[in-house]
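All residue numbers for the sequence shown refer to our numbering, where the first residue is 2 and numbers rise by one. Backbone N, C-alpha and C define an ideal beta-carbon position, used for all residues, glycine too. Below is one structure, written out as structure tokens; comments come after it.
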Amino acid sequence: MSYSAEEIRAALNNNELCVYYQPMYVAMTSQLKSAEALVRWVRPDGTVVSPAMFIPEAEESDLIMEIDWYVAEIVCRTLEKQNYMPQFPISVNFSRKHIREEDFAKKLTELVDRYELPHPLIEIEITESAMVVEQEMLFEWITSIRSAGFTVAIDDFGSGLSSLNFVKDIPADVLKIDKSLLSHNCEDEKERIVLESIFTFAHRLHLKTVAEGVETKEQLAFLRSCDCNRIQGYIFARPMPENDYLSLCMAHKAAEDPADILQVQSTSSTVNLLMEVVFRRYPLIIFTNLTRNTYYAMVYKNFTTTSCPSTGVFDELIVNGTNSMHPEDREIFAATFNRQNLIKEHDAGTQEIRLVTRQLGDDGIYRRVETFDYFVKSSSSDDIIAITLCQPLLD
Ligand code: C2E
Ligand code: CA
Ligand code: CA
């Protein structure tokens, strides 16, 4: 059953719309961290109507604009009631229509200041489907909200068509991973690969992550192994009326992020930290399958005038690699890093190959670059794999 715009308008005017709160928890420690405000229509006879029954209609008209601001105001009142109690940030859903609202950030600031609340207590959720609007407009909208001290989350990530290319530049704080990406116990290998990759790129782009719709122990265990930051879902709590939420907050101390992250470190977060450091030292890392003549490069920062495509044919990479090299170094470079020579070295049991060459930078100056090659064994085949680490030397 769905409702007409007139019925929804009447509900809004008669104060029949109210707000439920669904807590979110720190994934690693299960401490309360924040909550999401979710609108409900409580009819005079006490029945509770889910937003799925009226939000789509409200989106059709501009009623959604009023509903969202109404919810935001109720959230401020709830936070005001917590003034002398533990307070947790609350996320408010804003329809993508607000992206075109003039002075959105100013209006939000005025509202929150009227209740004298610290801005970091409010997080704005905007759904991924909003990404189809003009990129520049969306980015400006997000930036203006963040400049005013609020945080911004991209909701329902993975549910629609947003391209990774788009997300890579998004100036948001938080990525909320859509529940449709999580199956009952995350046992499908491909699903795990997709999720692991999303968490890896989110962390590397310095976005916090929230998994929503978490219902089972298996999902929770898997999300912890991915180093997910926050969990929202029935496994911890369902959306609840304000009074229940206030009692819940009373029972919890404000959750600090764990003081010693190493104590709750998952394997993937350790690897992420390690990668940060490795990249700092070696801004170009190349994985080569010497047997198949293919490579995959991870370029953190390019420091030569030759660009390095992220994948391709290894023999061609070596030929192109000499373009930015000092003419006197080309011969030794080509002799050392040609595939036949590397395979020969591998077969002879060489552990490490090191070479220093001079590379031309964008500023027209040659700098010394140290290149290391290490051979590794692939666990799944007999192919010979080499990992190359390149590091500009400070002269
Ligand atoms: P959403 O923003 O993705 O909110 C999360 C929805 O997932 C909520 O449904 C929540 O009750 C549900 N959920 C949470 N944990 C679980 C779980 O473990 N399993 C399952 N199966 N579901 C879970 P809800 O409250 O029915 O809200 C539906 C949608 O309505 C929201 O999706 C949001 O898009 C929209 N909505 C709700 N309140 C507002 C609002 O104030 N403004 C706007 N613009 N949209 C709202
Ligand atoms: Ca949401
Ligand atoms: Ca969502």
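Selection from the options that minimises the alpha carbon distance to residue i
i              : options                        : result
proline 172    : Ile194, Asp316, Arg147         : Arg147
asparagine 339 : Phe315, Ala106, Asp383         : Phe315
glutamine 360  : Met251, Asn303, Glu317         : Asn303
valine 168     : Cys229, Ser35, Ala203          : Ala203
leucine 182    : Ile123, Ile199, Arg355, Asp170 : Ile199
serine 325     : Asn342, Gln352, Ile366         : Ile366
leucine 122    : Glu190, Glu102, Val93, Ile143  : Val93
threonine 312  : Pro328, Asn294, His327         : Asn294
cysteine 227   : Val211, Cys250, Lys180         : Val211
lysine 180     : Val153, Glu137, Leu221, Glu141 : Leu221
aspartate 156  : Leu274, Ser184, Leu343, Glu37  : Glu37
isoleucine 9   : Glu67, Ala238, Thr79, Gly47    : Glu67
histidine 253  : Ser31, Asn15, Asn16, Glu7      : Ser31
valine 50      : Asp170, Ile344, Glu17, Thr351  : Glu17
Sequence-distant residues of its chain with Cβ nearer than 6 Å to residue i (five each side left out)
i                 : result
valine 300        : Leu285, Cys309
threonine 289     : Tyr296, Phe315, Ala387
phenylalanine 105 : His99
CB-CB length for residue i against residue j, believed under 8 Å
i              : j                 : result
methionine 398 : tyrosine 71       : Lying outside 2 to 396, the shown extent of the chain, residue 398 is not represented and no answer is given.
leucine 224    : isoleucine 232    : 6 Å
threonine 389  : isoleucine 287    : 4 Å
glutamate 353  : phenylalanine 373 : 6 Å
glutamate 277  : threonine 79      : The pair is not a contact, with the Cβ atoms about 38 Å apart (cut-off 8 Å).
leucine 196    : valine 175        : Not confirmed; about 16 Å, so no contact.
isoleucine 385 : leucine 291       : 4 Å
Residue i vs residue j beta-carbon contact at 8 Å
i                 : j                : result
isoleucine 127    : phenylalanine 95 : yes
serine 3          : glutamate 58     : yes
threonine 307     : aspartate 363    : no
leucine 39        : phenylalanine 89 : no
glutamate 219     : glycine 234      : no
tyrosine 246      : glutamine 392    : no
alanine 149       : threonine 110    : yes
phenylalanine 151 : glutamate 124    : yes
proline 52        : alanine 238      : no
isoleucine 75     : isoleucine 65    : no
serine 184        : glutamate 192    : yes
lysine 177        : glutamate 135    : no
Exposure label - residue i; buried when at least 16 CB within 10 Å
i              : result
alanine 12     : buried
alanine 349    : exposed
valine 27      : buried
isoleucine 333 : exposed
valine 153     : buried
leucine 206    : exposed
arginine 351   : It should be noted that the sequence gives threonine, not arginine, for residue 351. Classification of threonine 351: exposed, given that the 10 Å Cβ count is below 16.
aspartate 69   : buried
isoleucine 194 : exposed
asparagine 404 : Only positions 2 to 396 of the chain appear in the structure, and residue 404 is not among them; the question remains open.
Same chain only: Cβ atoms within 8 Å of residue i, ignoring 5 sequence neighbours per side
i            : result
leucine 394  : Val357, Arg368, Arg369, Val370, Glu371
cysteine 250 : Leu33, Gln83, Met86, Pro87, Gln88, Phe89
Chain-order list of residues whose beta-carbon lies under 7 Å from that of residue i (same chain, five-residue window excluded)
i            : result
cysteine 77  : Leu112, Val113, Tyr116, Leu118
arginine 331 : Thr323
valine 43    : Glu17, Cys19, Val49
Cutoff 8 Å: residue i Cβ touching any chain D Cβ
i             : result
glutamate 117 : As a matter of chain content, chain D is missing from the structure shown, which is built from one protein chain.
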